[in-house]
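Working notes, beginning with the structure itself.
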Amino acid sequence: MTTEPYDFRRCKLCGATAAAPRYRLKTTTIQVCAACDFHFITQLDVMPDEEPEAEVRTLDVTAWNFIEKQLKKNRRQLEQRLALVARHAPLKDVECLDIGAGVGLFGHLLREAGAIPFGIEPQLVFRQFAEEKYSLSLRAETLDRPFWREGHAERFAVVTLWDTLEHLNFPVETLRDAIRVLQPGGRLFLDTPSRDSLYYKISEWSYRLSNGANPLFLNSLYSPKPFRHKQIFTVRQLTELIQRLGLEVVELNRSGFFDSSNKIMLVGKKSR
Ligand SMILES: [Zn+2]
30 MTTEPYDFRR
40 CKLCGATAAA
50 PRYRLKTTTI
60 QVCAACDFHF
70 ITQLDVMPDE
80 EPEAEVRTLD
90 VTAWNFIEKQ
100 LKKNRRQLEQ
110 RLALVARHAP
120 LKDVECLDIG
130 AGVGLFGHLL
140 REAGAIPFGI
150 EPQLVFRQFA
160 EEKYSLSLRA
170 ETLDRPFWRE
180 GHAERFAVVT
190 LWDTLEHLNF
200 PVETLRDAIR
210 VLQPGGRLFL
220 DTPSRDSLYY
230 KISEWSYRLS
240 NGANPLFLNS
250 LYSPKPFRHK
260 QIFTVRQLTE
270 LIQRLGLEVV
280 ELNRSGFFDS
290 SNKIMLVGKK
300 SR
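Using this note's numbering, read the sequence shown as starting at 30 and increasing by one per residue.
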């Protein structure tokens, strides 16, 4: 399967041919859209199912131990996310889809809470871990693939994208697909970094004042490596997008201007 190269002058949020390079980092370039001020980098992931040889990687002891260590750090955050979901939706015997499911811990927690978890995770090593550790079979296919196109419309009561939006090649299209598989009255949950933080703004100022020599945190906020951060939304861009795609925003939290975690957390509801 060949994919046409993407024209990065085309804004990944509003679609206007109005994006131009603004921040030239060591390893990537941040495009800024003159029409809607969206920030995104000039890399896209090659999806593993478009590159079958990637399937030979396996979960070795080093990878397993690394994942276990990360899980210890992330567990509390995932439990907080589960509590949020449970506050908005009954979970008993309810089918939930976790997009960007990682190693499956959230799916495991959903199952413990009585739900029926489904997950999408393009990285094989994570899917293998989910299978071995939690007996959870995650799908490799993203929502734009035939598997999801046929027969899953309006299936799930809950769809979650935890720390996923910033990693996606095409966040608008994936959100549209996520809403397609969401039941009428169903809830979509997501969190993602925010561009409204002081952390981000200081980095932009620093870049400008130093003529590009010192982009501070921009180097760590974006990465051209596979499955890393490709775009960062402002709160306004994200809420307007969610509403444009037909959801009502029923809860919105953001961490503070001074908070380096700078997260947006949003709950959307699909109308009945
Ligand atoms: Zn735009």
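Note that CB positions come from ideal geometry on N, CA and C, so glycine has one too. In this text the structure is predicted, and so the values were computed from the model without any measurement.
Residue i: CB within 7 Å of a non-hydrogen atom of ligand 1
i	result
Ala118	no
Phe67	yes
Ala45	yes
Leu204	no
Leu134	no
Leu250	no
Leu194	no
Leu42	yes
Through-space distance from residue j to residue i, alpha-carbon basis
i	j	result
Val279	Gly215	12 Å
Ala92	Glu202	31 Å
Arg51	Ile145	45 Å
Gln109	Ser226	22 Å
Val296	Asn103	20 Å
Thr268	Gln60	21 Å
Leu211	Ala115	17 Å
Lys299	Leu238	44 Å
Ala182	Pro213	10 Å
Glu97	Gln260	28 Å
Met76	Val264	28 Å
Leu111	Arg301	24 Å
Leu276	Trp234	35 Å
Glu179	Arg205	15 Å
6 Å Cβ shell around residue i - same chain, five flanking residues per side excluded
i	result
Gly62	Reading the sequence as shown, one finds Cys at residue 62 and not Gly. Closer than 6 Å at the Cβ level, and outside the excluded window around Cys62, lie Cys40, Ala47, Ala48.
Pro253	Thr56, Thr57, Gln72
Phe155	Gly131, Val132
Ala159	Val132, Gly133, Leu165, Leu167
Arg140	Pro146
Leu42	Cys65, Phe67
Leu126	Phe147, Phe185, Val188
Leu197	Thr203
Own chain residues within Cβ distance below 7 Å of residue i, not counting five before or after
i	result
His137	Tyr163, Leu165
Arg53	Gly241
Gly143	Leu120, Lys121, Asp122
Glu124	Ile145, Phe147, Arg184, Phe185, Ala186
Leu113	Phe218
Tyr35	Leu73
Asn94	none
Span of the alpha helix (DSSP H) around residue i
i	result
Leu138	134-141
Phe176	175-178
Asn240	Neither: Asn240 is in no alpha helix (DSSP H) and is coded neither H nor E.
Tyr163	153-163
Leu126	Segment 124-128 is the beta strand (DSSP E) holding Leu126; no alpha helix (DSSP H) there.
Leu194	No alpha helix (DSSP H) contains Leu194, which DSSP labels as neither H nor E.
Residue i, enclosing beta strand (DSSP E) - first and last residue
i	result
Asp220	211-222
His117	Here His117 belongs to no beta strand (DSSP E); instead the alpha helix (DSSP H) covers 90-117.
Gln60	58-62
Arg283	276-283
Thr268	Counting along the chain, Thr268 falls outside any beta strand (DSSP E), though it belongs to the alpha helix (DSSP H) covering 264-273.
Leu190	185-191
Leu295	292-299
Ala48	48-53
Pro146	145-149
Cβ neighbours of residue i in the same chain (closer than 8 Å, five flanking residues each side left out)
i	result
Ile128	Gly148, Ile149, Leu172, Val188, Thr189, Leu190, Thr193, Thr203, Ala207
Asn248	Leu54, Lys55, Thr56
Ser232	Pro244, Leu245, Phe246, Leu247, Leu250
Residue i: CB within 7 Å of a non-hydrogen atom of ligand 2
i	result
Cys62	Looking at this structure, you won't find ligand 2 anywhere; what it does contain is ligand 1.
Query raised in the report: Would the segment 218-231 and the segment 189-208 be scored as touching if the rule is three or more Cβ pairs under 8 Å?
Result: Flag = yes, the segment 218-231 and the segment 189-208 touch.
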